[in-house]
Each structure stands twice: as structure tokens, then as C-alpha cells.
Amino acid sequence: MKLSTKLIHAGVEPDPSTGAIMTPIYQTSTYVQSAPGVHKGYEYARSQNPTRAALEAALAQIENGRHGLCFSSGVAASDAVLRLLVPGDEVIACNDLYGGTYRLFTKIFEKTGIRFHFVNMQEAEAIRPYINAKTRLIWAETPTNPLMNIVDIEALASIAKEKRILLCVDNTFASPYLQNPLDLGADIVLHSATKYLGGHSDVIHGCLVMNDDELREKLYFVQKSCGAVPGPQDCFLVLRGLKTLHVRMDRHCINGEVIAHWLRSHPKVGKVYWCGFQDHPGYAIARKQMRGFGGMMSFTLKDDSLEAAKKVLSSTRLLALAESLGGVESLINHPASMTHASIPREERLKNGLTDSLIRLSIGIEDVDDLKADLSEAIG
Ligand SMILES: *Cc1c(COP(=O)(O)O)cnc(C)c1O
0 MKLSTKLIHA
10 GVEPDPSTGA
20 IMTPIYQTST
30 YVQSAPGVHK
40 GYEYARSQNP
50 TRAALEAALA
60 QIENGRHGLC
70 FSSGVAASDA
80 VLRLLVPGDE
90 VIACNDLYGG
100 TYRLFTKIFE
110 KTGIRFHFVN
120 MQEAEAIRPY
130 INAKTRLIWA
140 ETPTNPLMNI
150 VDIEALASIA
160 KEKRILLCVD
170 NTFASPYLQN
180 PLDLGADIVL
190 HSATKYLGGH
200 SDVIHGCLVM
210 NDDELREKLY
220 FVQKSCGAVP
230 GPQDCFLVLR
240 GLKTLHVRMD
250 RHCINGEVIA
260 HWLRSHPKVG
270 KVYWCGFQDH
280 PGYAIARKQM
290 RGFGGMMSFT
300 LKDDSLEAAK
310 KVLSSTRLLA
320 LAESLGGVES
330 LINHPASMTH
340 ASIPREERLK
350 NGLTDSLIRL
360 SIGIEDVDDL
370 KADLSEAIG
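Numbering-wise (numbering that gives the first Met the number 0), the sequence shown opens with residue 0 and increments by one.
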């Protein structure tokens with residue numbers, strides 16, 4: 000089955016009690032048993048819920064995996080993966096990460112005795128010097144947030160396999176419509192479904208998809224034991240969002256391309272970070288592992304002052320100044336003070352995330368209206 004068809008049908012069966020075509024929101028905490036231990040596979044809703052089960056099945060199929068697991072947020076999904084580790088274990092993570100992931104690693108898990116190495120992974124081989132007998136996990140984001148760097152998933156996966164280390168890829172920016180890390184050898188795919196999967200800026204949700212049965216059992220154990228599970232209504236919203244992912248992503252890609260090229264030719268714009276430019280250092284890899292370049296991009300102004308950036312950030316009318324991304328509406332964001340404020344300034348600057356960087360999540364509005372709005376704001 001092709002992805003566009005899977006997005007609409009995967010995981011969803013007519014409801015057995017009524018024939019409802021859409022999986023109902025099973026708003027229940029528990030399930031009645033006919034005798035102790037005699038039930039239909041549902042005991043208590045932290046462990047099992049039919050709305051969540053439908054979404055987990057759909058997510059697995061869409062990422063070409065065997066198992067899906069849902070969490071109450073993208074960060075909760077990341078937290079579950081890190082709980083596979085024990086004190087003394089080491090993680091190699093890319094140096095250009097979502098701020099909340101960086102905070103989780105350095106402020107929560109470093110305290111428990113897990114050690115993190117943040118490495119520029121644009122050359123996969125660059126991770127080798129950091130691998131030792133304690134390395135358990137490689138963590139990659141691609142394209143990265145917010146600098147749109149590209150990491151070669153296949154190359155990382157081959158190192159991970161050789162050294163028997165787990166590879167987790169945060170696929171939030173690309174979405175399953177543009178990139179499928181499990182097909183390229185990753186062990187776990189993570190999504191903040193809050194973004195493109197939900198797609199309508201109305202839900203916080205996260206998920207993991209994997210192939211290995213044993214890994215699924217370990218992560219399911221964390222899911223039910225730690226309890227960061229999403230409610231059924233949130234699962235329903237993501238399940239509904241999935242049905243239009245392909246249509247939305249096509250438009251995100253078209254609008255993204257137009258805006259990226261337009262920004263690049265604007266006399267007041269400095270550097271534009273977008274992985275669809277042929278001279279982007281990761282372009283060849285992006286072409287190899289992605290089916291499109293999406294609607295995320297960042298840019299600086301020629302006047303590289305914080306004041307000039309702030310003026311643009313507060314002057315758009317259509318593009319809303321807000322954290323988050325991947326919704327139908329376009330957003331503008333200031334990573335240094337918003338999404339990436341939890342990364343220390345020196346760390347940010349080392350990786351090229353300057354104070355004046357502006358990030359855009361290009362939505363699916365008419366692109367002429369977006370251009371006009373940005374044009375007025377940039378002046
Ligand atoms: C937003 C985001 C997360 C965290 O997800 P939440 O749903 O906000 O908890 C993780 N990774 C990336 C790339 C993100 O953009």
C-alpha cells in the first residue's frame with residue numbers, strides 16, 4: 000500500500016460495537032472483566048486504550064515499523080528512550096538539537112550518571128572518537144532544529160550496527176511523509192506529533208516506532224510503568240491529523256521552496272538555512288534520504304543585530320510569533336530566546352545558533368500572502 004493510502008486507512012477499523020468509521024474516543028479509565036483475568040486485552044487505560052492502540056498501529060505502518068508507542072509529549076517519548084540506560088552509560092547526540100531535548104539530557108539525565116557527548120554529525124565518521132565500551136545510544140535529529148543541518152542516517156546506522164549501539168532518530172522535522180529512518184537502519188524513530196503529525200496546533204503528543212520486539216517490550220514497560228501516556232482525545236486528534244499529512248506536507252514543501260528562494264534573493268536578508276538549496280552542505284544526503292525539503296527554515300538579516308531581528312519578529316501579522324512548528328498556520332520564532340533558550344549561549348554560538356537567527360515554520364496558506372507579510376516585516 001502506498002503511503003498516502005496508509006495515512007488514511009492504517010490502524011483504523013470500523014468500530015466493532017457500532018460500525019463507526021472513525022475510531023471513537025474511548026474516554027474510560029478501566030474495563031470490566033467477566034471473571035478475574037478474563038478480558039478482551041484491555042485492563043486499565045494507562046496500559047491499554049483502543050483509541051491509542053489504533054494510533055499506535057497507524058504510526059507503526061506509516062514509519063514502516065512493527066510497533067508504535069504513544070506518549071503524552073515528544074519530550075516524554077525521548078524520556079522513555081533514555082530510561083533504557085543505566086548510570087555509567089554514554090550517549091552521543093548531535094550538537095544541534097531541539098532545546099527541550101538538550102535540557103532533558105543535560106538537566107535530568109546527566110544527574111543520574113549518564114554521560115552525553117554533543118557532536119557535529121554532518122560527517123557521520125566524526126562520532127567514532129566518542130565511541131567506547133560504555134556507549135549505548137546515538138541520538139540524531141535531521142534536518143536539525145533550527146539550523147537545518149543534515150545527518151546521513153544510513154552512515155550513522157552502519158556505525159551503530161557495527162558497534163552494537165542503538166540509533167534513535169528524531170524525525171519530527173521531516174515527518175514520515177518525507178523520510179523513514181527505520182528503512183535506513185535506525186532502531187527507533189521519534190516524533191513530536193505535536194508538530195506535523197497532528198498538524199493543527201491543537202495537541203501535545205509524542206511517539207516512538209521500532210521494529211525489534213524486545214526493544215518494544217522494554218519501551219512498553221517504560222510507557223506503562225512511568226505513565227506518560229496521552230489521553231484518548233489527544234490520540235484521536237493525531238489520528239485525524241495523519242489523514243491529511245500527505246496533502247499538507249506537499250503544500251508545506253511547495254510554500255517552503257518559494258519562501259526560501261525569495262528570502263535568499265532579498266537584499267536585506269543575510270544567510271538562509273534551508274536544506275533544499277543545491278549548495279547546502281547536506282544537499283546530496285538530503286536528496287538521498289528525503290522525498291522533499293519541508294517548510295522549515297531559518298535566516299539572518301544583513302544587519303545582524305538583535306534589534307533588527309526583533310523588529311522583524313514583532314512586525315509580521317500573518318506569521319504568528321510563537322514556539323512550535325508544523326501546523327497549518329505559519330509561525331515565526333526567535334530560537335535564542337524561545338525554543339532554544341535552555342541551551343547556554345556559548346554552546347549555541349559554537350554551533351552557529353546566533354542571537355539574531357529567525358526561524359520560520361511555513362504553513363499552508365497562500366504563499367503570496369506569506370511573502371507580502373514577510374516583505375513588509377523585513378522592510
Ligand atoms: C517540539 C520538538 C520536540 C519535543 O516535543 P513536544 O511534543 O514539545 O514535547 C522534540 N524534537 C523536536 C525536533 C521538536 O521540534
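All residues carry an ideal CB built from backbone N, CA and C; glycine is no exception.
Report the rounded CA-to-CA distance for glycine 269 versus lysine 301, giving the unit in angstroms. Straight across, the Cα-Cα distance linking glycine 269 with lysine 301 is about 4 Å.
Beta-carbon proximity of arginine 65 to asparagine 210, cut-off 8 Å: The answer is yes: Cβ separation under 8 Å.
In the DSSP assignment, what residue or residues form a beta bridge with asparagine 332? DSSP, once it has assigned bridges, lists Arg358 as partnering asparagine 332.
Residue range of the alpha helix (DSSP H) that includes tryptophan 261: Unbroken alpha helix (DSSP H) run through tryptophan 261: 244-263.
Lysine 160 to glycine 18 span [Cα, whole Å]: If you draw a straight line from the Cα of lysine 160 to the Cα of glycine 18, it comes to about 45 Å.
Residue span of the beta strand (DSSP E) that contains threonine 134, given as start and end: Annotation: the continuous beta strand (DSSP E) that includes threonine 134 extends over 134-140.
Given asparagine 254 as reference, the closest of Glu364, Gly240 and Ile187 once Cα atoms are compared: Nearest of Glu364, Gly240 and Ile187 to asparagine 254, Cα basis: Glu364.
Boundaries of the beta strand (DSSP E) in which isoleucine 187 is found, first to last residue: Its beta strand (DSSP E) spans residues 187-191.
Let me confirm a value: threonine 141 is counted as buried when at least 16 other C-beta atoms fall within 10 Å, else exposed. Which label applies? Per the 10 Å Cβ criterion, buried.
Secondary structure at alanine 56, three-state DSSP: helix, strand or coil? Three-state result, alanine 56: helix.
Indicate, with yes or no, if ligand 1 has a heavy atom lying under 7 Å from the CB of threonine 193. The answer is yes for threonine 193.
Quick check: is any heavy atom of ligand 1 less than 7 Å from the C-beta of glutamate 140? Yes; taking the cut-off as 7 Å, the Cβ of glutamate 140 has a heavy atom of ligand 1 nearer than that.
Range of the contiguous beta strand (DSSP E) that encloses histidine 66: Looking at the DSSP string, the run of the beta strand (DSSP E) that includes histidine 66 is 66-70.
Would you call aspartate 151 buried or exposed, if buried means 16 or more other Cβ atoms sit within 10 Å of its Cβ? With 16 or more other Cβ atoms within 10 Å, it is buried.
In this structure, what does DSSP give as the bridge partners for phenylalanine 411? What the structure shows of the chain is the stretch from 0 to 378, and residue 411 is not part of that stretch, so it cannot be assessed.
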